[in-house]
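In what follows, a single structure is set out as structure tokens and then discussed.
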Amino acid sequence: MRKVLIYEHHPLMREGLTGIVAQRGWQVMLMQEDERHLLHELFKKQPDILLFDPTTLNDETSGYSPSCL
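As structure tokens, then:
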């Protein structure tokens, strides 16, 4: 089973993505909406897939490329 971390600011988009992921039989590990904790959760949870909108990242995270990407 694939583990998916969703990082999305908009509640409607988060819910939609969660539904799509669940239909595929994948596990939603965390519906993350707070960027301050995004990198911490990536290392802690080690998802197989990260779904996010890169335009929402600030300067602290925009240049970082974790190994799961």
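With numbering that gives the first Met the number 0 applied, the sequence shown has no gaps in its numbers, which climb one by one up to 68 at the end. Heads up, the beta-carbon is just placed ideally off N, CA and C, and yes, glycines get one too. Fair warning: this is a prediction, and the values are worked out from it, not measured in the lab.
Please report the straight-line C-alpha distance between F42 and H36, rounded to a whole angstrom.
10 Å
Where Q22 falls: helix, strand or coil (DSSP)
helix
Which residue from L16, M0 and R1 puts its Cα closest to that of E7?
L16
Between which residues of its own chain and R2 is the CB-CB distance below 6 Å, once the five residues before and five after are set aside?
In the sequence on display, residue 2 carries Lys and not Arg. Within the same chain, K2 has close Cβ partners Q26, M28, P46 and D47.
Ordered along the chain, which non-local residues of its own chain (more than five positions away) have a Cβ less than 8 Å from that of R13?
If we look at R13 and ignore the five residues flanking it on each side, its Cβ neighbours are I5, E7, M30 and E32.
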